[in-house]
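In what follows, a structure is listed as structure tokens, so that the remarks can point back to it.
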Amino acid sequence: MQPPLFAEGVLLVERRSLGMAVLLALLAVALPLVLSSCAGGDDGPTELQLSGPSDFRGVRQLPPIALPDVTLIDTDGKRYPLRERAAGKVTLLYLGYTHCPDVCPTHMAQIAHALREVSPETAAQVLVVFITTDPERDTSAVLRDWLDRFDSSFVGLTGTQKQLDGVQTSLNANPASKTDLGGGHYSVDHLAYVIAFTPERQDARLVYPADMSWEDYAADLRTMIEKGKRP
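Adding 35 to a residue's 1-based position in the sequence shown gives its number in the numbering used here.
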């Protein structure tokens, strides 16, 4: 990975969290940032190059990440070619699991709220995709039931462990890992932020930590869709 350029920092995805105000302050001085995940663990950090402030409320990421070219299985049990289905839409991609106690439902709730606040025309140009990191428990039926609690338009995808690991690797992330909680229970460590992909290039230049509010999502969706700006 190339060394950081002027006004850029490095995002480290570990098992701790920072408030959004602290995160932005660190961005301003180009220091390392830390985001949370669902559970503790000893996996090494994932590095993402970040730029400084922009017209967007999301955290701008450099270099851009391409939307994975993968075909997974949706909640109807049908093949879902991700790049093909995402063409022409702002795609908000998240990797998590339905038993997640914190960041996963937080992200989904904030995005769902944002989509209710923007115009129907704007919402129609947004694709929200949730890829499970826990295929053992997250069957298609479980995914559909969980996502419907937030918004029935949200797409839920699963696949083989090899496919899911490959998706995470393509996003410059370590594959999700389990933490044994005893009694047959476990949690899953995974990326703790939403990744936003542009409609035309299908690349990601913005990420959204769990501290982002629905107002932040709504503002950026309006900027990208109604004003036609790109990060």
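Beta carbons: idealized from backbone N, C-alpha and C, even for Gly.
Given the structure is predicted, the values throughout are model-derived calculations rather than measurements.
Query	Result
Where the beta strand (DSSP E) containing leucine 216 begins and where it ends	212-217
C-beta atoms of glutamate 152 and tryptophan 249 nearer than 8 Å	yes
Span separating the alpha-carbon of alanine 208 from that of isoleucine 146	22 Å
Coarse secondary structure for threonine 157, derived from DSSP in three states	helix
Beta-carbon contacts of serine 107 that lie in its chain and below 6 Å, excluding the five residues immediately before and after	Correcting the residue identity first, residue 107 is leucine in this sequence and not serine. Cβ within range, chain order: Tyr115, Leu192 and Gly194.
Residues of its chain near glutamate 261, where Cβ-Cβ distance is below 7 Å and the 5 sequence neighbours each way are ignored	Thr157
Alanine 176 burial status per 10 Å Cβ neighbour count (16 or more: buried)	exposed
Alpha-carbon to alpha-carbon, aspartate 90 and leucine 178	34 Å
Collapsed DSSP secondary structure at proline 266 in the structure displayed	coil
Assigned exposure category for alanine 231 - 16 Cβ within 10 Å defines buried	buried
Contact under 8 Å by Cβ, valine 202 with lysine 213	no
Neighbourhood of threonine 204 by C-beta, 8 Å cutoff - its chain only, sequence neighbours within 5 removed	Pro210
Proline 136 versus valine 242 - alpha carbon distance	21 Å
Residues sharing a beta bridge with aspartate 173, DSSP	Aspartate 173 is not bridged to any residue.
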